[in-house]
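Undergrad: Take this structure, written in structure tokens, and hold onto it; I'll ask about it next.
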Amino acid sequence: AVVSTQSGNYGRGEQYPRGDIDLISVRKSRNRIICLTNDMRKAMSLIETALNKLHQTTQQGASIGQQQALPPKRPNTRPPFLKVQGVIEDSPAFRSGLRDNDLICQMGSLHKGNFTNLADVAEVVKLSVDKAVPVKFIRDGEARTIALKPRTWAGKGVLGCHVVDI
């Protein structure tokens with residue numbers, strides 16, 4: 013029978029200590045695990061204390077009315093450079109999810125940093141006919157991404173919407 017105790021005695025009765033187990037490495041490893049566990053417990057205790065203080069401060073400030081309003085959260089996108097106007101129903105733009113007043117931040121490789129005029133948009137669209145183009149935009153303060161696929165359809169053009177620079 014194998015003898016295994018919490019104190020680290022590894023052996024088989026009369027054959028103790030076993031020759032196939034490096035007791036020094038086992039003890040060093042167990043000690044390292046115990047030290048790391050203690051360090052983690054100490055760190056977790058500090059985090060818990062800090063969170064409790066933070067929540068108490070927030071609750072006290074809210075009850076007294078001293079809590080300051082947080083600034084509105086800005087979507088994590090590039091700044092918009094185009095505004096969508098006049099999306100036609102059943103057009104490629106409509107079917108992909110674009111709506112009036114969406115603010116486009118990026119269309120394929122085109123963004124505010126390299127946009128010069130609406131001819132740039134026409135060039136991206138022309139090169140992307142029948143290919144999905146990632147479009148990042150803001151609607152009602154929320155950042156969204158769609159795959160817009162310019163294509164011929166029953167209406168005029170390949171998008172079915174009008175965009176203006178802002």
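For the sequence shown, this note's numbering assigns the number 13 to the initial residue and increments by one for each residue that follows.
Note that the Cβ used here is the ideal one computed from N, Cα and C, for glycine as well.
Predicted model, so just to flag it, every value in this text is computed and none were measured.
1) Alpha carbon to alpha carbon, how far is arginine 107 from glutamine 97? Give it in angstroms, no decimals.
2) Looking at phenylalanine 149 and leucine 122, is the spacing between their C-beta atoms short of 9 Å?
3) Using only CA atoms, which one of Lys54, Val133 and Asp102 lies nearest to glycine 167?
4) List the residues that DSSP assigns as beta-bridge partners of histidine 174.
5) Determine the direct distance from the alpha carbon of aspartate 152 to that of valine 136, and round the result to whole angstroms.
6) Any idea which residues DSSP pairs proline 162 with across the strands?
7) So the alpha helix (DSSP H) proline 104 belongs to, where does it begin and stop?
8) To which residues does DSSP link glutamate 154 through a beta bridge?
9) To the nearest angstrom, report how far apart alanine 144 and glycine 120 are at their CA atoms.
10) Mark valine 38 as exposed unless 16 or more other C-beta atoms lie within 10 angstroms of its C-beta, in which case mark it buried.
11) I'd like to confirm the pairing. Which residues does DSSP put opposite histidine 123 in its beta bridges?
12) Residues in the same chain with beta-carbon distance under 7 Å from valine 170, minus the five sequence neighbours each way, listed in chain order, please.
13) Decide if isoleucine 46 is buried, meaning its Cβ has at least 16 other Cβ atoms within 10 Å, or exposed.
TA: By the coordinates alone:
1) The residue labelled residue 97 in the question sits at position 85 within the sequence shown. The residue labelled residue 107 in the question sits at position 95 within the sequence shown. Roughly 15 Å between the two C-alpha positions.
2) Against the sequence shown, residue 122 aligns to sequence position 110. Against the sequence shown, residue 149 aligns to sequence position 137. Result no, Cβ atoms of leucine 122 and phenylalanine 149 do not sit closer than 9 Å.
3) As a working mapping, residue 167 is identified with position 155 in the sequence shown. Taking only the C-alpha atoms, the option nearest glycine 167 is Asp102.
4) Taking the first residue of the sequence shown as 1, we reach residue 174 at position 162. Answer is Gln97.
5) Mapped onto the sequence shown, residue 136 falls at position 124. Mapped onto the sequence shown, residue 152 falls at position 140. Between valine 136 and aspartate 152, the C-alpha separation is close to 26 Å.
6) Locating residue 162 in the sequence shown gives position 150, counting from the first residue. Answer by DSSP bridge pairing: none, since proline 162 is not bridged.
7) Taking the sequence shown and counting its residues from 1, one reaches residue 104 at position 92. Residues 104-108.
8) Taking the sequence shown and counting its residues from 1, one reaches residue 154 at position 142. Looking at the DSSP assignment, glutamate 154 forms a beta bridge with Arg151.
9) Looking up residue 144 in the sequence shown gives position 132. Looking up residue 120 in the sequence shown gives position 108. Taking the straight line joining both Cα atoms gives about 9 Å.
10) Locating residue 38 in the sequence shown gives position 26, where the first residue counts as 1. With fewer than 16 other Cβ atoms within 10 Å, it is exposed.
11) Counted from its first residue, the sequence shown places residue 123 at position 111. Partner(s): Gln118.
12) Numbered from its first residue, the sequence shown carries residue 170 at position 158. Around valine 170: Pro104, Val137, Val141, Pro162, Arg163 and Thr164.
13) Numbered from its first residue, the sequence shown carries residue 46 at position 34. Exposed, because fewer than 16 other Cβ atoms sit within 10 Å of the Cβ of isoleucine 46.
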